[in-house]
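Have a look at the structure below before the remarks.
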Amino acid sequence: MTDIPVAPPPKSRLRLALESDVFYTFRRSPVAVISALVVLVLLVSAIFAPWIASTNPFDPASLNLMNGFTPPLEPNAFTGDSFLLGTDDQGRDVFSTILYGMRISLFVGVAAVAFAMVLGITLGLISGYVGGWVETIIMRVADVQLTFPSILVAMLIFGIAKGITPVEYRDQMAIWVLILAIGLSDWVQFARVVRGATLVEKNKEYVQAARLIGRKPGAIMLRHILPNVLSPVLVIATISLALAIIAEATLSFLGVGAPPTQPSLGTLIRIGQGFLFSGEWWILFFPACTLLALALSVNLLGDWLRDALNPRLR
Amino acid sequence: MSRMICAATAALGVALAAPAAAEEFKWAVTTDPQTMDPHAVNSTPVLGFLNNTYEGLVRRGKDMSVEPALATGWEPIGEGEGWRFTLREGVTFHDGSSFDAEDVLFSYQRASSPESDTASWFAPVSEVKVIDAYTVDFMTTAPNPLFPSSIANWMIMDSGWAEANNATRPDKEAGNHATLNANGTGAFKVTTREPGLRTVLEPFEGWWGEAEHNITRAELTPIQNPATALAALLSGDVDFINPVPIQDVARLASNPDVKVVQGIEARVIMLGFPHEAEALKFSSDIDGENPFADVRVRQAVAHAINVPAILQTIMRGNAEPVNQLVSAAMSGYSEALGAAPAYDPEKARALLAEAGYADGFSFGLKCPNNRYLNDEAVCQAVTGMLAQVGIDATLEAMPVNNYWPELRADNFDMYLLGWSPGTFDAEHPIRFLVATPNEEKKLGSWNFGGFSNARIDTLLPMIQSEIDPAERQAMLDEVAQIMADEQAYVPLYVQPLVWGTRANIELTQRPDNFFILRWVTVS
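These protein sequence lines are chains G and S, in that order. First residue of the first sequence? That's 1 in the UniProt record's numbering, and the numbers climb one at a time after it. First residue of the second sequence? That's 1 in the UniProt record's numbering, and the numbers climb one at a time after it.
Now the structure itself:
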């Protein structure tokens, strides 16, 4: 009997990750580290907003109109209340509203990208692997959609969805409609990248081998091709996240996104914009800074990820 | 070479300067006039704008007094059977056709037709008789001392033009030729009309009056966002904006390039209820009943709203509280009426509990977002205040173009409305907002909630025909008292007028918020 050579015990996933090239470049890039920290801080404060925020700005019963337009760190002339970042026209604490608003912005962003990703990957895999008229139809639809600005597509979808939802559910539905609208306007780039990568992968030997042993096309696509096309998808997803957050802010800024009773960062900026001339700068300034910090650091992280995952750029 | 460039630049400079020497005037408003049809929509943006192109038999002067326009004089017939108007001769419409009594009769038929939004102005009229080409008799069902001033916004349209263009009746919804074109006798004619984009006016050479203005071309641009309009004024892109965002008044007043023209508007902002509705339409927790039908719930709403806080923060001290549907500056204002319900959330909760809604309920609040000063912010504040006493409003704010149809279709559980009495008299809102809606009698056309009170319906014709001021006031006081007891509406405040102009513009502000172009001079 020959001894079967014993493989060394597999390293834990964490060890693997910590020793990987990607983590190495991460540690060496101060931009990436700082961006990741900013994202982490914002994410944690958004998730734990109900514990951090002093008031719940989404509860109209908690607002005191007399607190309206209180400047940051100054006591209100009538009520004597003081707020870290001041209050808006309705007496909402800007700090609390930013935290709660960020939850909406982040939730909509992440969910929209996830939705776009699932849709785009599925359609991309199918069109790349199946080819023929299926590919033609999917990719032409994608081409047509690319000729419209994505914000326009999102506004269109939002308008239609708003028209068909009953008014009493509109406020609750607004967030889901936003996700749908941004996700649907964003799937094309995922589909294109995945299709391109699938076209390359499907002629490789491992795919042919899988086919020879009779695996079903669905299994080949999911188990064999998908893992090999994921790294560009990851990069697009990160950059898309920043874009989705901005898209949500833009829609809300235009007044077609999150309802005024549940302000997201974009809604806050829209409200604040009306008070710039009159000197209540804090209503606009702080939400805008938060949006900037959030979008910029997610974007920088995406940039870094693209470089890290592409060996040719190293 | 450089000399040539200089010469060319100078020539170009002259070329550019030439049109600027002509007095062009640009202005921006929040709400575009929905239509050019003077009989289709009875609202200030429409009537105010059209006062520049169309004219009535009488018009209002700078101090709101009634003065001759297309009629040179008027006198009562007999013992108050009607009014005889003598028409102005030699007046032509913008298209050149001449004005006579037939146009007056036609405009009466058009403006009093069921398709018209102004029909209720003619509720007291029984018949219009053409005596000769320049004499018209308006017969009234009862003596009507205020009739001439009540038709100051009724504008005369050319019968031939309307027939030729298939616009003999106004069309509120679909629109017709008169929706996009205007052919009046006024000082300015509409040369370009692009709804929502721009409307261009030029002086009418053949106008019968003496021009006080020095404008050669005027352009109206609707800018929905007040901050954008303000930026346009500050940069000189427009010469006049209405309104100036209330929060920017203090800052603008210190800018030497612009002027703020302030006054109190005749407009009362109020909340309206669905009196007639069987059930709430936008409630997620109560079904098949209408809490607002109970006067205690309506009183609770009145007590829940902190009007002083709204005036202090959102209106920045620029508006006046009010206890009835007209401001104190109007004739017929009820001095006798007690103060408006005070802000008292405890009492509001007690009233709700008494009416059987101790746990509150949810409903839908409709609100315009480009019609009144800070309208959406006021509605948001109202939502918060009502939530504090336990009733949850779902706020839906929309532009007026969608808002009026929504109210006409009864799609509300509560709504925000502003009313400026066109006659400057307390009788006006009673006729429009309080009288039981009756298409035949042309009453209650803006009484969206269908409020109905038999006593008020009896009093209204008596008020209209009463000649003795003391008797009339006694009846107006009684109506005001019933309105307050019934809490038919919740009057909130009288809206301020805040106009902004460039420093080189002279104009006249009228308390009805009509912007009259023929009183504008550019220096």
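Glycine included, C-beta positions come from ideal geometry on N, C-alpha and C. Because the structure is a prediction, the values reported are computed rather than measured.
(message) Pop quiz: L125 (chain G) and I138 (chain G) are said to be a contact at Cβ under 8 Å. What is the actual Cβ separation, rounded to whole angstroms?
(response) L125 (chain G) to I138 (chain G), Cβ: 10 Å. No contact.
(request) Give the residues of chain S in contact with P60 (chain G), contact being defined as C-beta atoms less than 7 Å apart. (result) T383, G384, A387, listed in chain order.
(request) Would you list, in chain order, the members of the region 249–264 of chain S that have their beta-carbon closer than 7 Å to a beta-carbon of chain G? (result) Result list: R251.
(message) With H, G and I counted as helix, E and B as strand and the rest as coil, what does DSSP make of A21 (chain S)?
(response) The predicted model places A21 (chain S) with a pLDDT of 49, which falls under 50 and marks its position as unreliable, so this point remains unresolved.
(message) For the region 71–98 of chain G, list every residue whose C-beta sits within 8 Å of some C-beta in chain S, in sequence order.
(response) Under the 8 Å Cβ criterion, the region 71–98 of chain G contributes F78, D89, Q90, G91.
(request) Using a Cβ cut-off of 7 Å, pull out every chain B residue sitting near L395 (chain S), in sequence order please. (result) The structure shown contains no chain B; its protein chains are G and S.
(request) Pull up the distance between the alpha-carbon of K441 (chain S) and that of T141 (chain S), whole angstroms please. (result) Between the C-alpha atoms of K441 (chain S) and T141 (chain S) there is a straight-line separation of about 12 Å.
(request) Measure how close the beta-carbons of G279 (chain G) and R316 (chain S) come, nearest whole angstrom, since I'm counting them as under 8 Å. (result) About 12 Å separates the beta carbons of G279 (chain G) and R316 (chain S), which is beyond the 8 Å limit, so they are not a contact pair.
(request) With DSSP collapsed to three states, give me the class of residue 525 (chain S). (result) The structure shown has nothing for residue 525 (chain S), since chain S only spans 1 to 523.
(message) Between which residues of its own chain and I236 (chain G) is the CB-CB distance below 7 Å, once the five residues before and five after are set aside?
(response) Excluding residues within five positions, the ones whose Cβ falls inside 7 Å are Q189, F190, V193.
(message) If we require 3 or more residues per run, which beta strand (DSSP E) segments fall completely within the region 244–300 of chain G?
(response) Qualifying beta strand (DSSP E) stretches: none in this window.
(request) Identify, in the order they occur along the chain, each residue of the same chain with its Cβ nearer than 8 Å to the Cβ of residue 531 (chain S), setting aside the five sequence neighbours on each side. (result) Outside the modelled stretch of chain S, which goes from 1 to 523, sits residue 531 (chain S), for which no answer is possible.
(message) Less than 9 Å between CB atoms is the rule here; does A227 (chain S) satisfy it with respect to chain G?
(response) Any Cβ of chain G closer than 9 Å to the Cβ of A227 (chain S) would place that residue at the interface, and such an atom is present.
(message) Counting only Cβ pairs nearer than 8 Å, list the residues of chain G close to L230 (chain S).
(response) The contacting residues are F277.
(request) Can you tell me which of the three DSSP states W207 (chain S) falls into? (result) In the three-state DSSP reduction, W207 (chain S) falls in the coil class, being neither helix nor strand.
(request) Using a Cβ-Cβ cut-off of less than 8 Å, list which residues of the region 307–340 of chain S approach chain G; keep chain order. (result) Legend: CB atoms of the region 307–340 of chain S lying less than 8 Å from CB atoms of chain G belong to residues A309, I310, Q312, T313, I314.
(request) Hey, could you find the ends of the alpha helix (DSSP H) P461 (chain S) is sitting in? (result) Taken as a continuous stretch (DSSP letters only), the alpha helix (DSSP H) holding P461 (chain S) covers 454–465.
(request) Whole angstroms is fine: what's the gap from N255 (chain S)'s alpha carbon to I505 (chain S)'s? (result) Computed Cα separation, rounded: 15 Å.
(request) Measure the Cβ-Cβ separation of E278 (chain S) and V494 (chain S) and say whether it is below 9 Å. (result) 9 Å or more divides the Cβ of E278 (chain S) from the Cβ of V494 (chain S).
(message) Distance cutoff 9 Å, beta carbons only. Does F69 (chain G) sit that close to anything in chain S?
(response) For F69 (chain G), the answer is yes, since a Cβ of chain S falls inside 9 Å of its Cβ.
(message) Considering just the uninterrupted stretch of the alpha helix (DSSP H) at Y415 (chain S), what are its terminal residues?
(response) Y415 (chain S) -> not in any alpha helix (DSSP H); beta strand (DSSP E) instead, spanning 414–419.
(request) Could you work out which residues of chain G lie near A377 (chain S), taking near to mean beta carbons separated by less than 8 Å? (result) For A377 (chain S), the neighbours in chain G by C-beta distance under 8 Å run, in chain order, D89, Q90.
(request) Look at the alpha carbon of T79 (chain G) and the alpha carbon of T87 (chain G), and state the distance between them as a whole number of angstroms. (result) T79 (chain G) and T87 (chain G): Cα-Cα distance of roughly 13 Å.
(message) I want to verify the contact list: residues of chain G whose CB lies under 9 Å from the CB of Q495 (chain S), in sequence order.
(response) In chain order: nothing, as chain G lies at least about 17 Å away.
(request) Name, please, each residue of chain G whose Cβ falls closer than 7 Å to the Cβ of P274 (chain S). (result) Ordered by position in chain G, no residue passes the 7 Å Cβ test against P274 (chain S), which lies about 14 Å from the chain.
(message) Suppose only complete runs of 4+ residues qualify. What are the alpha helix (DSSP H) ranges in the region 377–446 of chain S, listed by chain order?
(response) Fully contained in the region 377–446 of chain S are the following alpha helix (DSSP H) runs of length 4 or more, in chain order: 400–408.
(request) Have a look at I157 (chain G) and A174 (chain G) and give me their C-alpha separation to the nearest angstrom. (result) Inter-residue distance for I157 (chain G) and A174 (chain G) is about 12 Å (C-alpha atoms, whole angstroms).
(message) For F58 (chain G), report the span of its beta strand (DSSP E) as first-last.
(response) Bounds of any beta strand (DSSP E) do not take in F58 (chain G), whose DSSP letter is neither H nor E.
(request) Identify, in the order they occur along the chain, each residue of the same chain with its Cβ nearer than 6 Å to the Cβ of R267 (chain S), setting aside the five sequence neighbours on each side. (result) In its chain, beyond the 5 residues on either side, G418, S420, Q495 have a beta carbon closer than 6 Å to the beta carbon of R267 (chain S).
(request) Output the residue ranges of the beta strand (DSSP E) runs that lie fully inside the region 29–85 of chain S and measure 3 residues or longer, sorted by chain position. (result) Taking only runs of at least 3 residues, the beta strand (DSSP E) segments lying wholly in the region 29–85 of chain S are 58–60, 66–68, 71–77.
(message) Give me the residue from S:I241, S:I246, S:A218, S:S43 with the minimum Cα distance to A229 (chain S).
(response) Measuring from the Cα of A229 (chain S), the nearest candidate turns out to be S:I241.
(request) Note down, in chain order, each residue of its chain lying with its Cβ closer than 6 Å to the Cβ of Q262 (chain S), except the 5 sequence neighbours on either side. (result) Around Q262 (chain S), the same chain offers V498 as residues with beta carbons nearer than 6 Å, after the five sequence neighbours per side are excluded.
(request) Starting from P245 (chain S), find everything on chain G with Cβ-Cβ shorter than 8 Å and list it in chain order. (result) Within chain G, the residues near P245 (chain S) are G274, F277, S278.
(request) Kindly indicate if chain S contains any beta-carbon less than 9 Å away from that of L63 (chain G). (result) By this cut-off, L63 (chain G) is an interface position.
(message) Is the separation between the beta-carbon of Q247 (chain S) and that of G274 (chain G) shorter than 9 Å?
(response) In contact: Q247 (chain S) and G274 (chain G) (Cβ atoms closer than 9 Å).
(request) Rounded to whole angstroms, what's the CA-CA distance from A119 (chain S) to S113 (chain S)? Just pull it up for me. (result) Straight-line Cα distance between these residues: approximately 6 Å.
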